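Below is one structure, written out as structure tokens; the observations come after it.
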Amino acid sequence: MVFSLFWKEGVVPQTSSILVAIIVFCSSVTSTTMGYDGSLMNGLNILPAYNDFFQLDTSRTALSTASTWIGNLVVGIVFAKVPDFIGRKPSMLLASLITIVGVVLGTAAQGFAMFVVSRILVGVGAGFSSMAGPIYFAETLPIKWRGIALCLIYDFWYVGGLVASGVTYGTSGMTSTWSWRIPNLLQGFFSIVLLLLLPFLPESPRWLASVNRRDECRKVLAQIYSNGELENATVQTEYLLITDSLARSVESESVWKVVRDMVKKPSDRKRTLLMLSVTVFSMWSGNNIVSFYLGDMLDQAGITDSTTQLQIYLHNIILNSFCLVVALIGTVSVDRIGRKRLALWSSGLETLFLFLVGALTKLYGTSTNTSGIYGTIAMIFLFQGSYSFGWTPLSMLYPPEVLNFRLRSVGMGIYTFAAEAAGLVTVYAFPIAMDKIGWKTYMINGVWDVFQFVFVLWYWVETKGKSLEEIDSILDGVPVSTGVEAGKVVEDEKEVAQDVKEL
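So in this note's numbering, the last one in the sequence shown is 517, and the numbering has no gaps at all.
Listed below in structure tokens is the structure:
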């Protein structure tokens, strides 16, 4: 009954430009919950009312912060096939509802256990949204807008972080429990926005075709490409590409059979390695040192008199604002320079700046040389900007593009699990390394970034300007049997793309 309220076909816009704009906007709000959550916990952990209410010590602080990650890990294992079973749109609905339940429980928490449970639920909901959302956007949007929409998912992580920073800073002067309940409550805002927009979205045409709802698939394609005109040439072309690609796929109901194919079948193994490379590289580039331990980096850089909690928090706000701007520049560039070149530029620049951070930290970390110290800080910003230019937008763009339909749901589940696992490793390993070997941590990570550059240069496949079915054909080593070339599809989309630009 609840799901049926969101499936009124009459409310889906029949004007393609409006529908595409709504879908692109939805992509920008799916990850704001996770971005908000990261900055939320940083802010809550320094609020006296929050610490006093839950009687926090080191272990409790760590558990409350890590509980969202636990929820994310659960998603990758338990929810891997859910988008295949119930559909992409119901999955996003379910994710939003779980997040809202978690937010309500957290806001009303009367004890530490209740708060931790709420945090796990928020992690499950937000993680599931981050898994199901990219699948939906990749399968539904035209080629022209697929790249921008998927890039915006992680770009808007920074938006969520900035909103949380502002809210927690604004309530920090309150002495009642509302100083932490208000920021926690507002975390549900983005899920509510997505919930309100879902009735205006169609189901993924590729998922509809996979469950033999072919007429509905054609109808959605017409809504996306041609203002509802079923006989449009682009609609016919896309429909043939989708059905032909699905005909080559072998149906699999078992998660383990899909995983086995990911390991044993050469083309699926390549897809999996491409997906996992994004997971590992986006988490192990060195960016998490800055994200979680900016205070330690400033301390090592020699700014020991400016590492109060509030000042570190303000540095994070400035850094997040800078990274958002750079990530948006990378997003608008992704369809011009391509996915592979964007990753190479990002990896090359971040390697250079991370080595410079290490060298300057060694030279000026214990000195009083103001120029050297602030030069180090500049390199930290340039490093994080280099990461944000490429890896932030690519993190949710490349994986769903290289995974074919049969692997996409399970693959994105593995992606979510692997990303959280890799993130946890960095969160726990980096502070130990920084304490034991200091500036050498940056040098070691820089060597790893060199490996990233070489791997992308040697192994990655360019996906710019190609339909998902054409990407499948390239990785499978077979021609697109419909005989339709990508150039024709892209040319047919120009009119719709121009309408969206004018909107």
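Note that the Cβ used here is the ideal one computed from N, Cα and C, for glycine as well.
Quick caveat: nothing in here was measured; it's all calculated off a predicted structure.
- Scanning its chain for C-beta atoms nearer than 7 Å, with the 5 sequence neighbours on each side dropped, one finds around Ala146 the residues Pro97, Arg102, Ser105, Met106, Ala109, in chain order.
- A Cβ-Cβ distance of about 13 Å is found for the pair Phe203 and Gly49, leaving them out of contact under the 8 Å criterion.
- DSSP places Asn65 in the uninterrupted alpha helix (DSSP H) bounded by 62-68.
- Taking the C-beta atoms as reference points, Val34 is found no nearer than 8 Å to Pro216.
- If you draw a straight line from the Cα of Leu254 to the Cα of Val177, it is about 44 Å long.
- Of the candidates Leu396, Trp472, Gly242, the residue whose Cα lies closest to the Cα of Arg355 is Trp472.
- In terms of Cβ geometry, Thr47 and Ala140 form a close pair [threshold 8 Å].
- Between Val181 and Leu200 the beta-carbon gap is near 6 Å, inside 8 Å, which marks them as a contact.
- Here Arg232 is buried. Its C-beta has 16 or more other C-beta atoms within 10 Å.
- Under the 10 Å beta carbon count, Ser45 is surrounded by 16 or more other beta carbons and is classified as buried.
- Proximity to Val138 across Glu476, Leu342, Ser81 peaks at Ser81, based on C-alpha coordinates.
- Scanning its chain for C-beta atoms nearer than 7 Å, with the 5 sequence neighbours on each side dropped, one finds around Ile343 the residues Phe403, in chain order.
- Within a 10 Å sphere around the beta-carbon of Thr375 sit 16 or more other beta-carbons, which makes this residue buried.
- With contacts defined as CB atoms closer than 8 Å, Leu489 and Lys158 fail to qualify as a contacting pair.
- The closest CA to that of Ser143, considering only Ala94, Thr29, Ser132, is found on Ala94.
- Gly57 and Gly242 have their alpha carbons spaced roughly 47 Å apart.
- Between Val424 and Val273, the CB-CB gap stays under 8 Å.
- The DSSP-derived three-state label of Phe467 is helix.
- Non-local beta-carbon contacts of Phe214 in its own chain, meaning distances under 7 Å to residues more than five positions away in sequence, involve Val25, Val26, Pro27, Ile36 in chain order.
- By the 16-neighbour rule on beta-carbons within 10 angstroms, Pro197 is buried.
- Secondary structure of Asp71 (DSSP, three-state): coil.
- Per the coordinates, the alpha-carbon of Gly452 lies some 39 Å from the alpha-carbon of Asp349.
- Each of Gly352, Asn301, Leu338 was checked against the Cα of Val173, and the nearest Cα belongs to Leu338.
- Take Val88, set aside five residues on each side of it, and the residues of its chain with a beta-carbon closer than 6 Å to its own are Val138, in chain order.
- In the three-state reduction of the DSSP assignment, Leu244 falls in the coil class, being assigned neither a helical nor a strand state.
- Annotation: Ile485 to Arg422 spans about 13 Å, alpha carbon to alpha carbon.
- Of the candidates Val346, Ser335, Ile391, Ile391 places its Cα closest to the Cα of Phe367.
- Under the three-state reduction of DSSP output, Lys450 falls in the helix class.
- In the displayed model, Arg227 falls within coil according to three-state DSSP, outside both helix and strand.
- About 6 Å separates the Cβ atoms of Ile256 and Arg220, confirming a contact at the 8 Å cut-off.
- Counting C-beta atoms within 10 angstroms of its own C-beta, Asn301 has 16 or more neighbours from the protein chains shown and is therefore classed as buried.
- Taking every protein chain shown into account, the CB of Val464 has fewer than 16 other CB atoms within 10 angstroms, so this residue is exposed.
- Boundaries of the alpha helix (DSSP H) harbouring Asn198: 192-200, taken from the DSSP string.
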